[in-house]
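Peer 1:
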Amino acid sequence: METGRNPFHDGERAMQARAGMQQRMAEIGARVIRDHMPEQHRDFFALLPFLIAGSVDADGQPWASVLHGPPGFVRSPDPRTLHVDARPPAGSPLAAHLRDGAALGLLGIQPHTRRRNRMNGRVARVSETGFDVEVEQSFGNCPQYIRTREAFYFDEGAPGAPQPLVALDDAARALIASADTLFIASTHAEGVDVSHRGGEPGFVSVDSDAGDVLTLPDYAGNFFFNTLGNLLLEPRAGLLFIDFDSGDLLHVSARAEIVWDGDEVAAHPGAQRLLRLTVTGALRVPGGLPLEWSASADQA
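Everything in the sequence shown is counted per the numbering used here, starting at 10 for the first residue and increasing by one.
Structural data, given as C-alpha cells:
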C-alpha cells in the first residue's frame with residue numbers, strides 16, 4: 010500500500026460519505042493504515058493466548074474463527090509477517106480455508122486491557138504446525154464496547170467434534186441472546202476483515218419466529234466502516250459467539266441487511282443504525298476454546 014493512498018474501498022467510502030466523513034477518513038486512513046506492523050503491534054500479538062481469524066470458503070461465505078495457544082504462539086519475525094504456531098482443528102471453518110494465497114482477516118484483542126489490533130493479509134506459507142500471513146493492512150482500533158475479562162490459557166486436549174446445525178437450536182439461541190461479545194467476518198473483492206462487537210448482555214436480539222433473524226445495534230465507532238462497507242458490497246457475514254464458561258464455540262453464517270433509520274433504530278438508544286442478520290447455517294464446536302476467563306466487568 011503506497012504511503013498517502015486512500016486505503017478504503019468503494020463500500021467503505023460510501024458509508025463514510027453517508028456519515029459526512031469521507032474526506033476526513035481518507036486523510037486519517039492514509040496515516041494510520043499501514044502495509045507493515047509497527048513494533049508495538051508486533052509485541053502485542055506475542056502476548057495473546059487467542060487470535061480471531063476471518064476467512065472465506067469456496068462459495069464466498071465468510072466465517073469467523075478463533076485460534077489459541079500459550080502466549081507467544083503468535084509472533085512477528087519481521088514487520089511484514091505474522092507467524093501463527095497453531096492449526097485449526099479438522100472440521101472447523103478455518104481448516105478448509107487455510108491454504109497458500111488465501112486472504113485472512115486477523116484480530117488481536119486483549120479484553121482485560123481493552124486493546125485490539127487488526128492485521129489483514131494473505132497466507133504466505135502453511136506447515137504442519139502453523140502458518141505465516143503476509144501483511145496487507147495493519148491498524149489499531151479504539152477500546153470502545155470491549156467487555157473487560159482476562160483470558161488464561163490451559164491445554165485440555167482436543168475439542169469436541171464440530172456439530173453442524175441446519176437451524177439454531179434452543180442452546181444456540183440462548184447463547185446468542187445472553188452474549189456481550191461477538192466477532193463478525195466480512196469480505197470484499199480484495200480481502201477479508203474480522204471485527205469485534207460488544208454491548209450489554211442481550212444486545213443481540215433473536216427472532217426465531219422470523220426464521221432466526223438476529224438484530225445487532227451499530228454504535229458510533231472509528232468511522233472506518235470496515236464491516237458495514239464490506240456488507241454493502243457483499244451481504245454475507247460470518248459470526249462467532251464464545252461461551253466463556255464452557256469454551257464452546259458457535260459459528261453462524263448469515264445474510265446481512267442494514268436498517269438505516271426509523272422506529273426500529275430509535276428503539277435502541279445510542280444506535281446509529283441496525284444490522285439485521287438472517288441466519289443461513291451454524292456450527293457448534295464443544296470445548297473449542299480452552300481458556301479460563303475472569304468475570305466480565307462493565308465497559309468504560
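By construction, the Cβ of each residue, glycine as well, lies at the ideal position given by its N, Cα and C atoms.
In the structure shown, what three-state DSSP assignment does N129 receive?
Peer 2: Walking along the sequence shown from the start, residue 129 turns up at place 120. The answer is strand: DSSP assigns N129 an E or B state.
Peer 1: Identify the residues that DSSP records as bridge partners of T287: which are they?
Peer 2: Against the sequence shown, residue 287 aligns to sequence position 278. DSSP output for T287 lists V222, R264 as bridge partner(s).
Peer 1: Cα-Cα, which of G207, F233, G220, N235 is closest to P4?
Peer 2: With the chain running from 10 to 309 in the structure shown, residue 4 is simply not present.
Peer 1: Cα-Cα, which of T196, V175, Q153, Q172 is closest to T190?
Peer 2: Position 181 of the sequence shown holds residue 190. Ranking the options by Cα distance to T190, first place goes to Q153.
Peer 1: Among the candidates S64, P71, R33, H18, whose CA atom is the shortest distance from the CA of V288?
Peer 2: As a working note, residue 288 is residue 279 in the sequence shown. V288 has its Cα closest to that of P71, out of S64, P71, R33, H18.
Peer 1: Comparing C-alpha positions only, which one of G110, N231, E209 sits nearest to V135?
Peer 2: Reading the sequence shown from its first residue, position 126 is the one you call residue 135. Selected option, being the one with the closest Cα: G110.
Peer 1: Go ahead and label E11 buried or exposed: buried means 16 or more other beta carbons lie within 10 angstroms of its beta carbon, across all protein chains shown.
Peer 2: By 1-based counting over the sequence shown, the position of residue 11 is 2. Confidence is the limiting factor: at E11 the pLDDT is only 45, short of 50, which leaves the residue's position unreliable, though a coordinate-based value still follows. Exposed.
Peer 1: If you draw a straight line from the C-alpha of A105 to the C-alpha of L258, how long is it?
Peer 2: Against the sequence shown, residue 105 aligns to sequence position 96. Against the sequence shown, residue 258 aligns to sequence position 249. C-alpha separation (whole angstroms): 17 Å.
Peer 1: Compare the Cα-Cα distances from V201 to each of P102, L298, L113, W302 and report the closest residue.
Peer 2: Counted from its first residue, the sequence shown places residue 201 at position 192. Checking every option, the nearest Cα to that of V201 belongs to L113.
Peer 1: Which residues in the same chain as F17 place their Cβ atom closer than 6 Å to its Cβ, once the five residues preceding and following it in sequence are excluded?
Peer 2: For the purposes of this step, residue 17 is identified with residue 8 of the sequence shown, where counting begins at 1. These residues qualify, in order along the chain: G38.
Peer 1: Could you tell me the alpha carbon to alpha carbon distance between L292 and L249, rounded to whole angstroms?
Peer 2: Within the sequence shown, the letter at position 283 stands for residue 292. Within the sequence shown, the letter at position 240 stands for residue 249. Distance between the alpha carbons of L292 and L249: 10 Å.
Peer 1: Tell whether a beta-carbon distance below 8 Å holds between F54 and L76.
Peer 2: On the sequence shown, position 45 is the one that residue 54 refers to. On the sequence shown, position 67 is the one that residue 76 refers to. No, Cβ-Cβ distance for F54 and L76 is not below 8 Å.
Peer 1: Between the segment 35-51 and the segment 169-185, do three or more beta carbon pairs fall short of 8 Å?
Peer 2: Touching, no, given that fewer than three Cβ pairs across the two stretches are closer than 8 Å.
Peer 1: DSSP puts D202 in a beta bridge; with which residues?
Peer 2: The count along the sequence shown starts at 1 and reaches residue 202 at position 193. D202 is bridged to S195.
Peer 1: Taking C-alpha atoms, which residue in A95, E243, S217 lies nearest to R182?
Peer 2: To locate residue 182, count along the sequence shown from 1; it is residue 173. Of the candidates A95, E243, S217, S217 places its Cα closest to the Cα of R182.
Peer 1: How many angstroms separate the CA atom of I251 from the CA atom of M46?
Peer 2: Numbered from 1 along the sequence shown, position 242 holds the residue referred to as residue 251. Numbered from 1 along the sequence shown, position 37 holds the residue referred to as residue 46. Roughly 28 Å separates the two Cα atoms.
Peer 1: Rank A180, H260, A280 by C-alpha distance to the C-alpha of V268 and give the top, closest one.
Peer 2: For the purposes of this step, residue 268 is taken as the residue at position 259 of the sequence shown. Ranking the options by Cα distance to V268, first place goes to A280.
Peer 1: Can you list, in chain order, the residues of its chain with a C-beta nearer than 6 Å to that of E21? Leave out the 5 residues immediately preceding and following it.
Peer 2: Taking the sequence shown and counting its residues from 1, one reaches residue 21 at position 12. Contacts found: F234, G238.
Peer 1: Please classify M24: is it buried, with 16 or more other beta-carbons within 10 angstroms of its beta-carbon, or exposed?
Peer 2: Here residue 24 refers to the residue found at position 15 of the sequence shown. With 16 or more other Cβ atoms within 10 Å, it is buried.
Peer 1: To the nearest angstrom, how far is it from the Cα of R124 to the Cα of S204?
Peer 2: Here residue 124 corresponds to residue number 115 of the sequence shown, with the count starting at 1. Here residue 204 corresponds to residue number 195 of the sequence shown, with the count starting at 1. R124 and S204 have their C-alpha atoms some 13 Å from each other.
Peer 1: Between the alpha carbons of F253 and E301, how many angstroms are there, rounded?
Peer 2: Here residue 253 corresponds to residue number 244 of the sequence shown, with the count starting at 1. Here residue 301 corresponds to residue number 292 of the sequence shown, with the count starting at 1. Computed Cα separation, rounded: 8 Å.
Peer 1: Going by the beta-carbon positions, is the gap between L131 and N150 smaller than 8 Å?
Peer 2: As a position in the sequence shown, residue 131 is number 122, starting the count at 1. As a position in the sequence shown, residue 150 is number 141, starting the count at 1. One point to set straight first is that residue 131 is Arg, not Leu, in the sequence displayed. No, they are not a contact pair.
Peer 1: Work out the CA separation of I118 and H92 for me, nearest whole Å.
Peer 2: One-based indexing of the sequence shown puts residue 92 at position 83. One-based indexing of the sequence shown puts residue 118 at position 109. In a straight line, the C-alpha of H92 is about 16 Å away from that of I118.
Peer 1: Can you name the residues that DSSP bridges to R96?
Peer 2: Counting from one through the sequence shown, the residue named residue 96 turns up at place 87. In the DSSP output, where bridge partners are listed per residue, R96 has none listed.
Peer 1: Curious, which full-length alpha helix (DSSP H) runs of at least 4 residues does the segment 35-107 contain?
Peer 2: 48-54, 102-106
Peer 1: Return helix, strand or coil for M10, following the three-state DSSP convention.
Peer 2: The residue given as residue 10 occupies position 1 in the sequence shown. Below a pLDDT of 50, predicted positions are generally treated as unreliable, and M10, at 45, falls in that range; the measurement from the model is reported next regardless. Three-state DSSP puts M10 in coil, outside helix and strand.
Peer 1: Measure the Cβ-Cβ separation of G247 and H260 and say whether it is below 8 Å.
Peer 2: The sequence position of residue 247 within the sequence shown is 238, counting from 1. The sequence position of residue 260 within the sequence shown is 251, counting from 1. In this structure, H260 lies closer than 8 Å to G247 by Cβ.
Peer 1: Going by alpha carbons, who is nearest to E266 out of N231, S101, T224?
Peer 2: Locating residue 266 in the sequence shown gives position 257, counting from the first residue. Cα-wise, what sits closest to E266 is T224.
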